[in-house]
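Novice:
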Amino acid sequence: MSEYVTEVVTFNLRDGITRDQLLDPASPHAAGLAKLKEQPGCEKVTWGLTIASMGPDPRKLLWFVEWDDISSHKKFMAQPYYQSFVESVLVITDTSHPSGPILVRHYPLSPPLSTLLSSLPASDIAARKVEYLTTTVKPDIDVSQLATDLAPLGQAVAAEGVPSTFAYSVEDAKAMLVLNLWKSIEQNMAFVGTEAFKMAAGPMGAASAGPPVVMHFEILG
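All residue numbers for the sequence shown refer to UniProt numbering, where the first residue is 1 and numbers rise by one.
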């Protein structure tokens, strides 16, 4: 049975790569996206760039590649031209980055990011700031119980008019990804001060094996 899955690719960009370069239709980045979209089973590709004012390492490019099944991605990786595809996009990355130039994980996001975006007016998408939160849950934590504990937080986020989605990684069943599509960073920061957030911070902190990674990015394509 096939399972819709989102491949999340994080690029650590090298110095000198700009937003305009990534948007350039003649760029290696654009060529890489075009090649990816040609692949059988690739349903949708959304990409964005982290916001420079947020976080210690702002130069990250994110791809959200929606596949009809993870097997379709594996078939792409088995193609003879796959290595040249990887090499073509590596030119924009920092190959000496401590975390490596590229990180890839798969998440069965339901709904996927493209569905969240399609629920918004087209004029609203460019203004949205996506909160990207990842954390690894401790081995002894029951993820079903954690979902119950965090349900009020999800309801409070939805009440703010913020579409959201989350899933655990295919590669690591304890690695969680949460995406919240805030109207602005200011809205997100204000929400952090609410009682709903404070009540959820306890269970989330107790369940996490380490501090979560939080970034904000804008949708560019």
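Glycine included, each C-beta is placed from N, C-alpha and C at the ideal position. In this text the structure is predicted, and so the values were computed from the model without any measurement.
What are the complete alpha helix (DSSP H) segments, minimum 4 residues, inside the region 7 to 44?
Specialist: Listed in chain order, they are 19 to 23 and 28 to 37.
Novice: Taking three-plus beta-carbon pairs below 8 Å as touching, is the region 125 to 133 in contact with the region 166 to 178?
Specialist: Touching, per the Cβ criterion.
Novice: Taking the alpha carbon of I141 as the point to measure from, which residue in V213, V91, M204 and W63 has its own alpha carbon closest?
Specialist: The residue with the shortest Cα to Cα distance from I141 is M204.
Novice: Taking the CB atoms as reference points, tell me whether residue 222 and Y107 lie closer together than 8 Å.
Specialist: Any answer about residue 222 is impossible in this case: the structure gives the chain only from 1 up to 221.
Novice: For H216 and F85, what's the separation of their Cα atoms in angstroms?
Specialist: The straight-line gap from Cα to Cα measures roughly 27 Å.
Novice: Taking 8 Å as the threshold (C-beta atoms), are T135 and P212 in contact?
Specialist: Cβ distance < 8 Å, so P212 and T135 count as in contact.
Novice: Cα-Cα, which of G202, L153, E218 and F197 is closest to residue 226?
Specialist: Because the chain spans 1 through 221 in this model, residue 226 falls outside it and cannot be assessed.
Novice: Are the region 164 to 174 and the region 95 to 109 touching, with three or more C-beta to C-beta distances below 8 Å?
Specialist: With the cut-off at 8 Å, the region 164 to 174 and the region 95 to 109 touch.
Novice: DSSP three-state call for K60: helix, strand or coil?
Specialist: Strand.
Novice: Which full runs of the beta strand (DSSP E) of 3+ residues lie inside the region 105 to 147, going along the chain?
Specialist: With a minimum length of 3 residues, the continuous beta strand (DSSP E) runs that stay inside the region 105 to 147 are 129 to 136.
Novice: Do K44 and S114 have their C-beta atoms within less than 8 Å of each other?
Specialist: Yes, they are a contact pair.
Novice: Where does P101 land, buried or exposed, given buried means 16+ other C-beta within 10 angstroms?
Specialist: P101 is buried by the Cβ-count criterion.
Novice: Measure the Cβ-Cβ separation of A196 and P152 and say whether it is below 8 Å.
Specialist: Closer than 8 Å, so yes.
Novice: State the DSSP-derived secondary structure class of H97, mapped to helix, strand or coil.
Specialist: In the structure shown, H97 sits in coil (DSSP, three-state: anything other than H, G, I, E or B).
Novice: Going straight from the alpha carbon of M77 to that of C42, what length do you get?
Specialist: In a straight line, the C-alpha of M77 is about 13 Å away from that of C42.
Novice: Runs of 3 residues minimum, wholly inside the region 146 to 203: which ones carry the beta strand (DSSP E) assignment?
Specialist: 164 to 168 and 175 to 182, all fully within the region 146 to 203.
Novice: Quick one: residues in its chain with C-beta nearer than 7 Å to the C-beta of Y82, no 5 flanking neighbours on either side, listed in chain order?
Specialist: These residues qualify, in order along the chain: F76.
Novice: Since I believe K74 is in contact with F11 (beta carbons under 8 Å), could you give me their beta-carbon distance rounded to a whole number of angstroms?
Specialist: 21 Å between Cβ atoms; not a contact.
Novice: Which value, in whole angstroms, describes the spacing of the CA atoms of I185 and S123?
Specialist: Whole-angstrom Cα-Cα distance: 17 Å.
Novice: How would you label P40, buried or exposed, when you count the other beta carbons within 10 angstroms and need 16 or more for buried?
Specialist: Answer is exposed; the Cβ neighbour count stays below 16.
Novice: Which of the three DSSP states, helix, strand or coil, is assigned to I70?
Specialist: Reduced to three states, the DSSP call for I70 is helix.
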